[in-house]
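Residue numbers (this note's numbering), protein chains in the order written: chain E, 309 to 491; chain W, 53 to 257.
What follows is a set of notes on a single structure, which appears directly below.
See below:
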């Protein structure tokens, strides 16, 4: 069930005590949050944890949202930052525990992708993405998958448009080279 | 702009109309450019295909908000742990620094008390030790020349007026108990302070 109310109307309703308004907001953005986190982390379990974290942050912090940017941009800023921090902390944990951090593509039964062909395509892309640096991955995912403008990405990452275009170029180039090795 | 950049910007819809037309024209004439473009296009098509399969399983998404509602309190605790861990780390570092600093002070044999504090805090003394000290350090003073009654009454009374702590210092100085604690200069300074405080105006040779 989707709401016809705008983001600002839902936020005002929620701030006035209507918990269902928050549920509507969550339903509106949960898939985008999930898939951004999935592409950043490479696996379902980590993406699921990030989704829950992001929803909690939105729940607690939306009262301080001042509409200077769109809610969409604000949510993506939280999601993208959480994803980067998650990747960083996971790397540190794997270093301390001497576990291999390389193979993080989770092919467990908890995965939500149905169909072998679909799964194969997504796993291939996720695998390629995990082989570029996290910050380049962030720019590439925001631009290519989340279809954001460079201006919006600049608000999310704090980087200049020139730097973002450079990151995107390097990411795309590297992915193309990696794809040759993958086949 | 090199060929890779042109291709990526073309696929990204980031070329101007003029640049786009030029690029498409070059694709028809430049075989190397075409070959490179095909490599990028293969990747681009895979990326587009992977986007189409995003909503394969809807059951998971239906349960996200209910799970959030159930786990909200648990998630808040998880958020607090890293902050608590950070705070505990800072406290531990501060406590450790304090202990290390004070440990150094405890094991440092150097007397940290100032000279004026020493001269102000002397306990009950050995009169002979004081007189010996005075005799050795003050060439102009010979207590043997003093009248006996002065020694027994006036000087004794005078000595009794000196704060208790000062006598100890003089006695220790005479017996060299604390002489190793101070340099000769410091010992002289202590002596001068004591003498100027109590004796000079009273003892007349």
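By construction, the Cβ of each residue, glycine as well, lies at the ideal position given by its N, Cα and C atoms.
**OP:** Take every Cβ of the segment 381-397 of chain E, pair it with every Cβ of the segment 345-365 of chain E, and state whether three or more of those distances are shorter than 8 Å.
**Re:** Three or more beta-carbon pairs drawn from the segment 381-397 of chain E and the segment 345-365 of chain E are found closer than 8 Å, and the two stretches are therefore classed as touching.
Original post:
residue 464 of chain E lies in the alpha helix (DSSP H); which residues open and close that run?
Top reply: Here residue 464 of chain E corresponds to residue number 156 of the first chain, with the count starting at 1. Where residue 464 of chain E is concerned, the enclosing alpha helix (DSSP H) stretches over 458-465.
Original post:
Are residue 383 of chain E and residue 366 of chain E closer than 9 Å when you measure CB to CB?
Top reply: Residue numbering aside, residue 383 of chain E sits at position 75 when the first chain is read from its first letter. Residue numbering aside, residue 366 of chain E sits at position 58 when the first chain is read from its first letter. Against a cut-off of 9 Å, the Cβ pair of residue 366 of chain E and residue 383 of chain E comes out as a contact.
Subject >> Beta-carbon contacts of residue 379 of chain E that lie in its chain and below 6 Å, excluding the five residues immediately before and after >> reply: Looking up residue 379 of chain E in the first chain gives position 71. Shown here for residue 379 of chain E: same chain residues with a beta carbon closer than 6 Å to its own, the five before and five after excluded, namely 315 in chain order.
**OP:** Using a Cβ-Cβ cut-off of 9 Å, state whether residue 487 of chain E counts as contacting chain W.
**Re:** Counting from one through the first chain, the residue named residue 487 of chain E turns up at place 179. Yes, because at least one Cβ of chain W sits closer than 9 Å to the Cβ of residue 487 of chain E.
Original post:
Since residue 476 of chain E contacts residue 451 of chain E with CB under 8 Å, what's their CB separation in whole angstroms?
Top reply: Here the question's residue 476 of chain E lines up with position 168 in the first chain. Here the question's residue 451 of chain E lines up with position 143 in the first chain. Right, the Cβ-Cβ distance comes to about 5 Å (below 8 Å), so this counts as a contact.
Original post:
chain W beta carbons: is any one of them nearer than 9 Å to that of residue 471 of chain E?
Top reply: Taking the first residue of the first chain as 1, we reach residue 471 of chain E at position 163. With 9 Å as the cut-off, residue 471 of chain E does not count as an interface residue toward chain W.
Original post:
Closer than 9 Å, CB to CB, is residue 483 of chain E near chain W or not?
Top reply: As a first step, residue 483 of chain E must be located in the first chain, where it is residue number 175. Yes, its Cβ sits closer than 9 Å to a Cβ of chain W.
**OP:** Starting from residue 113 of chain W, follow the alpha helix (DSSP H) in both directions and report where the run begins and ends.
**Re:** As a first step, residue 113 of chain W must be located in the second chain, where it is residue number 61. Under the DSSP assignment, residue 113 of chain W falls in the alpha helix (DSSP H) whose first and last residues are 111-114.
**OP:** Return yes when the Cβ of residue 95 of chain W is within less than 9 Å of the Cβ of residue 484 of chain E, no when it is not.
**Re:** The count along the first chain starts at 1 and reaches residue 484 of chain E at position 176. The count along the second chain starts at 1 and reaches residue 95 of chain W at position 43. Yes, they are a contact pair.
**OP:** Would you check if the segment 353-372 of chain E and the segment 320-339 of chain E touch, i.e. whether three or more CB-CB distances between them fall below 8 Å?
**Re:** Taking one beta carbon from each stretch, the segment 320-339 of chain E and the segment 353-372 of chain E have 3 or more pairs nearer than 8 Å; the two touch.
Original post:
Mapping DSSP to helix, strand and coil, what is residue 237 of chain W?
Top reply: The residue given as residue 237 of chain W occupies position 185 in the second chain. DSSP places residue 237 of chain W in helix when its eight states are reduced to three.
**OP:** Whole angstroms is fine: what's the gap from residue 427 of chain E's alpha carbon to residue 76 of chain W's?
**Re:** Working through the first chain from its first residue, we reach residue 427 of chain E at position 119. Working through the second chain from its first residue, we reach residue 76 of chain W at position 24. In a straight line, the C-alpha of residue 427 of chain E is about 34 Å away from that of residue 76 of chain W.
Original post:
Buried or exposed: residue 150 of chain W, going by 16 or more other Cβ atoms within 10 Å of its Cβ?
Top reply: The sequence position of residue 150 of chain W within the second chain is 98, counting from 1. Residue 150 of chain W comes out exposed.
**OP:** Flag this pair as touching only if the segment 356-365 of chain E and the segment 460-475 of chain E have three or more C-beta atom pairs under 8 Å; answer yes or no.
**Re:** Segments in contact, no.
**OP:** List the whole-angstrom C-beta distance separating residue 429 of chain E from residue 91 of chain W, where the pair is believed to meet the contact cut-off of C-beta under 8 Å.
**Re:** As a working mapping, residue 429 of chain E is identified with position 121 in the first chain. As a working mapping, residue 91 of chain W is identified with position 39 in the second chain. The beta-carbon distance between residue 429 of chain E and residue 91 of chain W, rounded to whole angstroms, is 18 Å. This is too long to meet the 8 Å contact definition.
Original post:
Interface residues of chain A around residue 123 of chain W at Cβ under 9 Å?
Top reply: Given the protein chain composition of this structure (E and W), no chain A is represented.
Original post:
Under 9 Å, do residue 104 of chain W and residue 453 of chain E count as touching if we go by C-beta distance?
Top reply: Here residue 104 of chain W refers to the residue found at position 52 of the second chain. Here residue 453 of chain E refers to the residue found at position 145 of the first chain. No.
Subject >> Neighbourhood of residue 377 of chain E by C-beta, 7 Å cutoff - its chain only, sequence neighbours within 5 removed >> reply: As a working mapping, residue 377 of chain E is identified with position 69 in the first chain. 463.
Subject >> Own chain, CB closer than 6 Å to residue 421 of chain E, minus 5 neighbours either side, in chain order >> reply: Here the question's residue 421 of chain E lines up with position 113 in the first chain. So the list reads 427, 430, once near-sequence residues are dropped.
Original post:
If we cut at 9 Å on Cβ distances, does residue 137 of chain W have a partner in chain E?
Top reply: Here residue 137 of chain W corresponds to residue number 85 of the second chain, with the count starting at 1. Output row for residue 137 of chain W: interface = no.
**OP:** Report the neighbours of residue 92 of chain W on chain E: residues whose CB is nearer than 8 Å to its CB, in chain order.
**Re:** Along the second chain, read from residue 1 onward, the residue named residue 92 of chain W stands at position 40. Those within 8 Å of residue 92 of chain W in chain E are 480, 484.
Original post:
Between E/470, E/479, E/469, which lies nearest to residue 443 of chain E when the distance is taken from Cα to Cα?
Top reply: Taking the first residue of the first chain as position 1, residue 443 of chain E is located at position 135. Answer by Cα proximity: E/479.
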